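Residues -27 to -1, 1 to 163, numbered by mature numbering (1 follows the signal peptide of the UniProt record, and there is no 0), are exactly what the sequence shown covers, in order.
Note that the Cβ used here is the ideal one computed from N, Cα and C, for glycine as well.
Just so you know, these numbers come straight off a predicted model, no measurement behind them.
What follows is a short report on a single structure.
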Amino acid sequence: MRPWCSGRTVRGLMGALLLFLALPSLAAAQQLGLPRHEVLTISGEILFVKSAYGRRIIDEIEAEGALLAAENERIVAELSREEQELTQRRTELEPQAFRVLAEAFDRKVQAHRENQAAKRQTLEARGEEARATFVDLARPILAALMRDTGASVILERSTVFLSLDTTDITAIAISRIDAAIGDGSALRRD
């Protein structure tokens, strides 16, 4: 007895059924002006720097960096004056007394360098932490965008060898993220 349909027929019917089930989501994606691709691309860097959240973080980090640079310049100027004074006093001092003062000055300079390096590292860590927080906040928004477009994956655009520009959802994602979280200042837990 022959089966009522062959394997080829079943596969064809399954394919037609899957296409039929996918049509509503693809039609919805088209109506929303979204791309219709299984694979989407996004530029993570552009997503961050052009989002309201990213611009706020970058502005804050740059402002704090400028304050740190100004503080560093002020301290370096003070240390330069102190070094000149120490150099002028060298002829008046015994070699051992000068050596003690010079070593103390060197320790002061080294402490300044270490302190400023720690402040720079703290600032860099804050920027990295803010980026990680942004990714956490953006993840559900990007997942919703995947559902809306019928996509199964979003790839980092910089790692893709070749793709159509229509797969890039960076601008759409920025718009949705900005609408959902704005610049993130309301989300602060200060």
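Can you tell me where the beta strand (DSSP E) holding residue i begins and where it ends?
i: Ile15; result: Val12 to Ile15
i: Val126; result: Val126 to Glu129
What first and last residue would you give for the alpha helix (DSSP H) that runs through residue i?
i: Ile150; result: Thr143 to Ile154
i: Asp138; result: Here Asp138 belongs to no alpha helix (DSSP H), and DSSP marks it neither H nor E.
When you compare each of the options to residue i by their alpha carbons, which one comes out closest?
i: Thr139; options: Ile150, Thr122, Ser148 and Asp151; result: Thr122
i: Ala153; options: Ala70, Tyr26, Ala103 and Ile19; result: Tyr26
i: Arg112; options: His10, Glu11 and Ile15; result: Ile15
i: Glu76; options: Gln89, Thr60, Glu65 and Asn88; result: Thr60
i: residue 166; options: Phe107, Leu135 and Phe134; result: Only positions -27 to 163 of the chain appear in this structure, which leaves residue 166 out of reach.
i: Gln89; options: Glu101, Glu129, Leu66 and Ala43; result: Ala43
i: Ile48; options: Glu65, Gln69 and Ala84; result: Ala84
i: Ala116; options: Ile145, Ala159 and Leu135; result: Ile145
i: Ile31; options: Glu65, Gln69, Gly100 and Arg120; result: Gly100
Can the beta-carbon of residue i be found closer than 9 Å to that of residue j?
i: residue 179; j: Leu118; result: Lying outside -27 to 163, the shown extent of the chain, residue 179 is not represented and no answer is given.
i: Ser24; j: Ile127; result: no
i: Leu13; j: Ala105; result: no
i: Glu37; j: Leu96; result: yes
i: Ala91; j: Ile34; result: no
i: Leu20; j: Thr143; result: yes
i: Arg80; j: Phe71; result: no
i: Arg29; j: Asp141; result: no
i: Ala55; j: Phe78; result: Looking at the sequence provided, one finds Glu at residue 55 rather than Ala. Yes, the Cβ-Cβ distance between Glu55 and Phe78 is below 9 Å.
i: Glu110; j: His10; result: Note that residue 110 is Leu in the sequence shown, not Glu. Contact flag unset, no.
Any heavy atom of the ligand ATP closer than 8 Å to the beta-carbon of residue i?
i: Glu18; result: This structure simply doesn't include the ligand ATP, nor any ligand for that matter.
Please check if any C-beta of chain D sits within less than 9 Å of the C-beta of residue i.
i: Leu74; result: Annotation note: the requested chain D is absent from the structure, which comprises a single protein chain.
Since I believe residue j is in contact with residue i (beta carbons under 8 Å), could you give me their beta-carbon distance rounded to a whole number of angstroms?
i: Arg149; j: Ile114; result: 5 Å
i: Leu52; j: Val73; result: Wrong, their Cβ atoms sit about 18 Å apart, outside the cutoff.
Considering only residues of the stretch 14 to 93, which uninterrupted beta strand (DSSP E) runs meet the minimum length of 3 residues and lie entirely inside it, listed in chain order?
You should have found no qualifying run.
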